[in-house]
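Asker: Chains as they are written, first to last, in my numbering: chain A, 1 to 140; chain B, 141 to 280; chain C, 281 to 420; chain D, 421 to 560.
Number of protein chains: 4
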Amino acid sequence: MSEISIVQMESLIREQLPFAVESGFILESLADGRAVVRAPYRSSFLRPGGTIAGPVMMGLADYAIYAALLSRIGLVELAVTTSFNINFLSRPGEADLIADAGIIKLGKRLAVGEVEIVSADRNNLVAHVTATYSIPPDSA
Amino acid sequence: MSEISIVQMESLIREQLPFAVESGFILESLADGRAVVRAPYRSSFLRPGGTIAGPVMMGLADYAIYAALLSRIGLVELAVTTSFNINFLSRPGEADLIADAGIIKLGKRLAVGEVEIVSADRNNLVAHVTATYSIPPDSA
Amino acid sequence: MSEISIVQMESLIREQLPFAVESGFILESLADGRAVVRAPYRSSFLRPGGTIAGPVMMGLADYAIYAALLSRIGLVELAVTTSFNINFLSRPGEADLIADAGIIKLGKRLAVGEVEIVSADRNNLVAHVTATYSIPPDSA
Amino acid sequence: MSEISIVQMESLIREQLPFAVESGFILESLADGRAVVRAPYRSSFLRPGGTIAGPVMMGLADYAIYAALLSRIGLVELAVTTSFNINFLSRPGEADLIADAGIIKLGKRLAVGEVEIVSADRNNLVAHVTATYSIPPDSA
Numbered sequence: 001m002s003e004i005s006i007v008q009m010e011s012l013i014r015e016q017l018p019f020a021v022e023s024g025f026i027l028e029s030l031a032d033g034r035a036v037v038r039a040p041y042r043s044s045f046l047r048p049g050g051t052i053a054g055p056v057m058m059g060l061a062d063y064a065i066y067a068a069l070l071s072r073i074g075l076v077e078l079a080v081t082t083s084f085n086i087n088f089l090s091r092p093g094e095a096d097l098i099a100d101a102g103i104i105k106l107g108k109r110l111a112v113g114e115v116e117i118v119s120a121d122r123n124n125l126v127a128h129v130t131a132t133y134s135i136p137p138d139s140a
Numbered sequence: 141m142s143e144i145s146i147v148q149m150e151s152l153i154r155e156q157l158p159f160a161v162e163s164g165f166i167l168e169s170l171a172d173g174r175a176v177v178r179a180p181y182r183s184s185f186l187r188p189g190g191t192i193a194g195p196v197m198m199g200l201a202d203y204a205i206y207a208a209l210l211s212r213i214g215l216v217e218l219a220v221t222t223s224f225n226i227n228f229l230s231r232p233g234e235a236d237l238i239a240d241a242g243i244i245k246l247g248k249r250l251a252v253g254e255v256e257i258v259s260a261d262r263n264n265l266v267a268h269v270t271a272t273y274s275i276p277p278d279s280a
Numbered sequence: 281m282s283e284i285s286i287v288q289m290e291s292l293i294r295e296q297l298p299f300a301v302e303s304g305f306i307l308e309s310l311a312d313g314r315a316v317v318r319a320p321y322r323s324s325f326l327r328p329g330g331t332i333a334g335p336v337m338m339g340l341a342d343y344a345i346y347a348a349l350l351s352r353i354g355l356v357e358l359a360v361t362t363s364f365n366i367n368f369l370s371r372p373g374e375a376d377l378i379a380d381a382g383i384i385k386l387g388k389r390l391a392v393g394e395v396e397i398v399s400a401d402r403n404n405l406v407a408h409v410t411a412t413y414s415i416p417p418d419s420a
Numbered sequence: 421m422s423e424i425s426i427v428q429m430e431s432l433i434r435e436q437l438p439f440a441v442e443s444g445f446i447l448e449s450l451a452d453g454r455a456v457v458r459a460p461y462r463s464s465f466l467r468p469g470g471t472i473a474g475p476v477m478m479g480l481a482d483y484a485i486y487a488a489l490l491s492r493i494g495l496v497e498l499a500v501t502t503s504f505n506i507n508f509l510s511r512p513g514e515a516d517l518i519a520d521a522g523i524i525k526l527g528k529r530l531a532v533g534e535v536e537i538v539s540a541d542r543n544n545l546v547a548h549v550t551a552t553y554s555i556p557p558d559s560a
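1) To be precise: take each residue of the stretch 110–132 of chain A, compare its Cβ to all Cβ atoms of chain C, and keep it if any distance is under 8 Å. Which residues remain?
2) For S303(C), would you say it is in contact with chain B, using Cβ-to-Cβ distances shorter than 7 Å as the test?
3) Shorter than 7 Å from the beta carbon of K248(B) to some beta carbon of chain D?
4) Does A35(A) come out as helix, strand or coil in the three-state DSSP assignment?
5) Under a three-way DSSP split, which group does E7(A) fall into?
6) How is the beta strand (DSSP E) around I553(D) delimited, first residue to last?
7) Please compile the residues from chain C whose C-beta is within a distance smaller than 8 Å of the C-beta of F145(B).
8) Let's see if you can read the secondary structure: which residues bound the beta strand (DSSP E) around D240(B)?
9) Below 8 Å, can you find three or more Cβ-Cβ pairs linking the stretch 409–419 of chain C to the stretch 438–450 of chain D?
10) Mind checking if L229(B) is an interface residue toward chain D, Cβ cutoff 7 Å exclusive?
11) Please list, in chain order, all residues of the same chain as N264(B) whose beta carbon is under 6 Å from its beta carbon, the five residues on each side excluded.
12) Tell me the rounded alpha-carbon separation between D380(C) and R178(B).
13) Checking contacts by CB at 7 Å: is I493(D) closer than that to chain B?
14) Between I238(B) and the rest of its own chain, which residues show a CB-CB distance below 6 Å, the 5 nearest in sequence each way excluded?
15) Just curious, the beta strand (DSSP E) that F19(A) is in, first and last residue?
16) Quick one: is I383(C) near chain A, going by C-beta distance under 7 Å?
17) Taking the alpha helix (DSSP H) that L60(A) falls in, what are its first and last residues?
18) List the residues of chain A that S223(B) touches, going by C-beta distances under 9 Å, in chain order.
19) Does DSSP put E514(D) in a helix, in a strand, or in coil?
20) Mind checking who F228(B) pairs with in its DSSP beta bridge?
21) Roughly how many angstroms lie between the CA atoms of E283(C) and L340(C), to the nearest whole one?
22) Would you identify the three-state DSSP class for L390(C), choosing helix, strand or coil?
23) Is it the case that the Cβ atoms of A484(D) and F508(D) are separated by a distance below 7 Å?
24) Could you confirm whether any beta carbon from chain F is found closer than 7 Å to the beta carbon of G479(D)?
25) Can you tell me which of the three DSSP states G449(D) falls into?
26) Keeping to the same chain, check which residues put their C-beta closer than 8 Å to that of A311(C); ignore five residues upstream and five downstream.
27) Does S422(D) come out as helix, strand or coil in the three-state DSSP assignment?
28) How would you call L489(D), buried or exposed, if buried means at least 16 neighbouring beta carbons within 10 angstroms?
29) Going by the DSSP bridge assignment, what does V360(C) pair with across the sheet?
30) Between the beta-carbon of P335(C) and the beta-carbon of P460(D), is there less than 7 Å?
31) For E396(C), is the classification buried or exposed, using 16 other Cβ atoms within 10 angstroms of its Cβ as the cut-off for buried?
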């Protein structure tokens with residue numbers, strides 16, 4: 001179950017996360033407190049040396065946690081990221097990135113999410129994220 | 141003093157950080173272990189509600205620390221971000237963002253940097269970042 | 281499989297982590313890249329208001345990841361914590377804390393671990409940790 | 421100016437942070453949004469290899485930020501740490517540790533603090549911390 005549909009989420013994203021739209025991110029699944037977002041491979045994501053640019057992974061993870069959060073609390077537009085911590089673990093291949101996000105705490109005022117990003121060709125863990133979100137008081 | 145010039149750094153960035161180029165970031169100063177990078181205001185940076193998109197600030201901070209680091213170790217192309225922690229502190233205005241980065245540890249294998257991002261119109265602190273970089277063994 | 285035994289680990293801890301010994305932490309299991317450490321309940325762990333003191337949870341998580349790491353790389357005494365990030369998620373009960381740690385990246389020079397801490401009476405997630413360790417060059 | 425005195429803070433600490441008392445931490449100064457806390461050297465703080473145990477530094481930093489926060493908001497007993505990020509930068513000497521904390525954001529519901537920990541003999545940066553605190557609604 002999700003408090004919002006994939007279509008509603010994508011509509012919100014077009015308004016609120018233009019970076020996600022420009023980057024071609026696709027919301028693949030959305031269930032109660034979990035979301036999977038895919039970043040189809042673009043050569044422009046890669047740096048020389050083969051690393052995917054950090055901001056792309058950050059934008060992808062941010063989208064995935066935000067979707068996972070809204071699947072629990074519904075269309076609360078003003079939930080904002082308050083902190084974001086990412087560990088880069090290995091170089092991705094020339095392949096799609098897949099972000100799998102879950103909400104590990106949902107309080108009245110604060111939510112915490114966790115994301116694993118894998119490279120689709122090798123299925124290895126490319127990055128791990130934890131992030132916190134502030135939920136506006138009147139949305140509880 | 142810096143081990144690299146602003147021109148060298150900008151040339152490296154065109155190759156390695158296309159995100160920074162597309163976003164219009166400008167390296168304003170580069171001294172031993174410190175760098176200042178400006179993000180000239182674009183309405184596309186803003187989300188409804190007035191928040192600057194997280195990935196923009198992350199990309200800006202990443203550029204600033206990377207420049208600060210190379211000002212100390214020279215043109216080491218393979219220094220990679222291993223972790224990145226950002227706290228979002230207040231909403232920026234419709235104004236340029238300025239990232240002021242410093243290296244707080246430079247070890248043989250690991251460097252740690254810190255960035256403050258301020259909104260140019262109000263001079264208030266918008267975000268605070270700490271990030272770690274891995275330095276390849278043969279560059280010491 | 282583990283590169284070291286629980287008895288070897290406990291002996292190392294007595295030398296290296298006196299905090300863990302004084303706090304009564306018990307290493308319950310140690311397998312390839314995973315470790316479970318229990319903190320038997322003490323009233324002295326609690327603050328008024330019912331929160332477990334942060335340093336206790338940090339010490340517990342640090343022990344668990346360190347054990348998980350050594351189960352992979354063996355008795356490398358000089359692996360040191362380089363960064364540590366903890367999110368406090370909910371108040372624990374008056375009960376044992378259990379830390380379940382895994383290594384999510386093992387590179388030649390850097391390892392990253394993740395820990396979930398639960399309160400034994402409720403089985404709810406009390407804290408989530410990611411931490412990075414530097415591995416000395418000659419131990420590879 | 422501080423909303424509370426050093427004597428009031430120390431009294432609160434005796435109740436709420438027994439770890440700080442047992443560790444011998446001393447609150448040296450407390451001004452509007454800043455606090456300095458000293459950890460007089462104890463050989464029991466050291467690990468073999470010369471590293472100060474992580475939990476000691478975490479406990480010290482937590483105390484310093486908490487004091488800095490209360491110097492701004494007064495005796496709000498239920499402000500709790502929600503996240504804590506520490507980077508270990510260099511080994512301290514056999515000397516006192518000094519934590520210098522400041523509040524970099526004070527919102528209605530969330531505060532963010534930053535701490536630098538130095539080793540008193542060398543005056544070098546040993547660790548850097550950022551941490552967030554949740555402020556209960558009725559204390560604003």
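Glycine included, C-beta positions come from ideal geometry on N, C-alpha and C.
A quick note: this is a predicted structure, and the numbers were derived from the prediction, not measured.
Answerer: Looking at the atomic coordinates:
1) V112, E114, L125, H128, T130, T132
2) no
3) no
4) strand
5) The amino acid occupying residue 7(A) in the given sequence is Val; Glu does not appear at that position. V7(A): helix per DSSP, three-state reduction.
6) In the sequence as displayed, the identity of residue 553(D) is Tyr instead of Ile. It spans 544–554 - the beta strand (DSSP E) in which Y553(D) sits, taken as one unbroken run.
7) Residue 145(B) is actually Ser in this sequence, not Phe. Chain C residues near S145(B): none, gap ~30 Å exceeds 8 Å.
8) 237–246
9) no
10) yes
11) S230
12) 43 Å
13) no
14) R178, V258, A260
15) First-last for F19(A): 18–22, but that is the alpha helix (DSSP H), not the beta strand (DSSP E).
16) no
17) 54–73
18) N85, I86, N87, F88
19) coil
20) A267(B)
21) 21 Å
22) strand
23) no
24) Among the protein chains of the structure shown, namely A, B, C and D, there is no chain F.
25) The residue asked about is misnamed: residue 449(D) is Ser in this sequence, not Gly. It is a strand residue.
26) M281, S282, S351
27) coil
28) buried
29) S414(C)
30) no
31) buried
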